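Remarks on the structure that follows.
2 protein chains.
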Amino acid sequence: MSASGNDADDDTLCPIAHSTGLVGDRWSILIVRELLLGQSRFQDLQAQTGATSQMLAARLKRLEADGLVERHPYSERPPRHEYRLTPKGRHLMPVILALRTWGEQWCKPQSEQPATRMFHRACGSELELDGKCPACGGLVAWTDMRGQPSEAYAEERARRAADFTDHRRAADAQTQPDR
Amino acid sequence: MSASGNDADDDTLCPIAHSTGLVGDRWSILIVRELLLGQSRFQDLQAQTGATSQMLAARLKRLEADGLVERHPYSERPPRHEYRLTPKGRHLMPVILALRTWGEQWCKPQSEQPATRMFHRACGSELELDGKCPACGGLVAWTDMRGQPSEAYAEERARRAADFTDHRRAADAQTQPDR
DNA sequence: AAGGTGGATCTGAAATTCATAGTGCCGCTC
DNA sequence: GAGCGGCACTATGAATTTCAGATCCACCTT
Chain A
1 MSASGNDADD DTLCPIAHST GLVGDRWSIL IVRELLLGQS RFQDLQAQTG ATSQMLAARL
61 KRLEADGLVE RHPYSERPPR HEYRLTPKGR HLMPVILALR TWGEQWCKPQ SEQPATRMFH
121 RACGSELELD GKCPACGGLV AWTDMRGQPS EAYAEERARR AADFTDHRRA ADAQTQPDR
Chain B
1 MSASGNDADD DTLCPIAHST GLVGDRWSIL IVRELLLGQS RFQDLQAQTG ATSQMLAARL
61 KRLEADGLVE RHPYSERPPR HEYRLTPKGR HLMPVILALR TWGEQWCKPQ SEQPATRMFH
121 RACGSELELD GKCPACGGLV AWTDMRGQPS EAYAEERARR AADFTDHRRA ADAQTQPDR
């Protein structure tokens, strides 16, 4: 089921082994996170994930081969594309949400605000970390949620984008100091 | 927040980056899966995950350092222990369940039976892949579920355990052919 | 005492990942 | 029309990780 070079995960019935065969590494997960957040350009993905360009290129290639990502041209001459999630990729949302919940509950200093607040589309109330709607009193499906990054998190992301172009400019200046 | 050597994931607000810092690799996820399934001994973990012994030892050490796993002696002289999930580790269940759902829906040949069937503890009905209870008509929290491996999957696991001890015996025989 | 078991650790080869540098293409400016 | 700079990669060699396979150690069984 994996179009990439993965193996050893095709000869088992365990669906978790299959999943981790495709997205069982840090970079793939972070890339999917970014794509879900709406980023689509190489540069932005690189800035926000912190992956090296070749890691990113390699992972995107694999994600595309595995059918999670589609390359979508937004300019020919020079050939440029956006990367977008396919339905298969988009359905990783529950995995990302579960990682979010766990990270917020068990890996953060204290209960500072979640980086992204989630709301119930139907009634507008803010959801609990575990996905319960305090108004409707039940678990909400991921398709019925809407996320809103906190101000602090939005700022962090903006800074990362800025730092990235800065750093790049600096490197270029060093490479060609006086030509 | 990571007691292990991980870094680069502590200076962000993103909970997903934090999570993947601790469990963002294939082996850790498979190990957690096994522990959730009730395995606790080194050998069993090795057989079912397919990790090398040193990978397993290293990952268990890291998982322990990060507070996901507890080492629990069941024999001194020689020191032997079981590995058990802490509450922090057990709360990864939703992540594993999400990976399961995705794997069943998008990575398996067809709709063959799920490897593990899930049931609603309250009413006993079998849950949909997406976690809905057909009887109660809503999403069920992970704490209200119970899993039941299919026969085929149980057999696969038994075979893996058997193959592992066989393989080990074979290797030993080769190493010390006639002493 | 010989052999088996469970849980590791060591070693050297193979593969992956990293930092860093460069390339190709184009549009824009001057 | 030459040069500059942005974007999306690719190339390279060093550093790190992972692997297969052997070895070790302390017991236990026979």
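Chains A and B are the protein sequences, given in the same order. Quick note on this note's numbering: the first sequence kicks off at 1 and runs consecutively. Quick note on this note's numbering: the second sequence kicks off at 1 and runs consecutively. Think of the CB as a built atom: it goes at the ideal place given N, C-alpha and C, for glycine as much as any other residue. Treat the numbers as computed from the prediction; the structure is a model and nothing was measured.
- Chain-order list of chain A residues neighbouring residue 125 (chain B): empty, with the shortest C-beta distance near 16 Å, by a criterion of under 9 Å.
- The criterion of a C-beta distance shorter than 8 Å is not satisfied by residue 93 (chain B) and residue 121 (chain B).
- In chain order, 49 place their CB closer than 6 Å to the CB of residue 30 (chain B), counting only its own chain and leaving out the 5 sequence neighbours on each side.
- In summary, the residues of the region 147-171 of chain B whose CB is separated from some CB of chain A by less than 7 Å are 152, 153 and 156, in the order they occur in the chain.
- By DSSP's assignment, residue 69 (chain A) forms a beta bridge with A:85.
- Residue-level contact by beta carbon holds for residue 14 (chain A) and chain B, with a gap shorter than 8 Å.
- In this structure, A:114 is the residue among A:143, A:114 and A:81 with its C-alpha nearest to the C-alpha of residue 154 (chain A).
- Listed along the chain, the chain A residues whose CB falls inside 8 Å of the CB of residue 104 (chain B) are 15.
- Three or more beta-carbon pairs separated by less than 8 Å link the region 98-107 of chain A to the region 129-137 of chain A, which places the two stretches in contact.
- For residue 18 (chain A), the enclosing alpha helix (DSSP H) starts and ends at 15-23.
- Contact annotation, residue 84 (chain B) with residue 35 (chain B): C-beta distance approximately 7 Å; criterion of less than 8 Å satisfied.
- When rounded, the separation of the alpha-carbon atoms in residue 55 (chain A) and residue 118 (chain B) is 37 Å.
- Contact with chain B is found for residue 107 (chain A), since one of that chain's Cβ atoms lies less than 8 Å from the residue's Cβ.
- The continuous beta strand (DSSP E) containing residue 146 (chain A) extends over residues 145-149.
- In the displayed model, residue 132 (chain B) falls within a strand according to three-state DSSP.
- Distance between residue 53 (chain A) and residue 46 (chain A), taken at the CA atoms: about 7 Å.
- When only Cα atoms are considered, residue 135 (chain B) and residue 73 (chain A) end up about 46 Å apart.
- Taking a Cβ-Cβ threshold of 7 Å, the residues of chain B close to residue 19 (chain A) are 99, 102, 103 and 107, in chain order.
- Taking a 10 Å sphere around the C-beta of residue 15 (chain A), we find 16 or more other C-beta atoms and assign the residue as buried.
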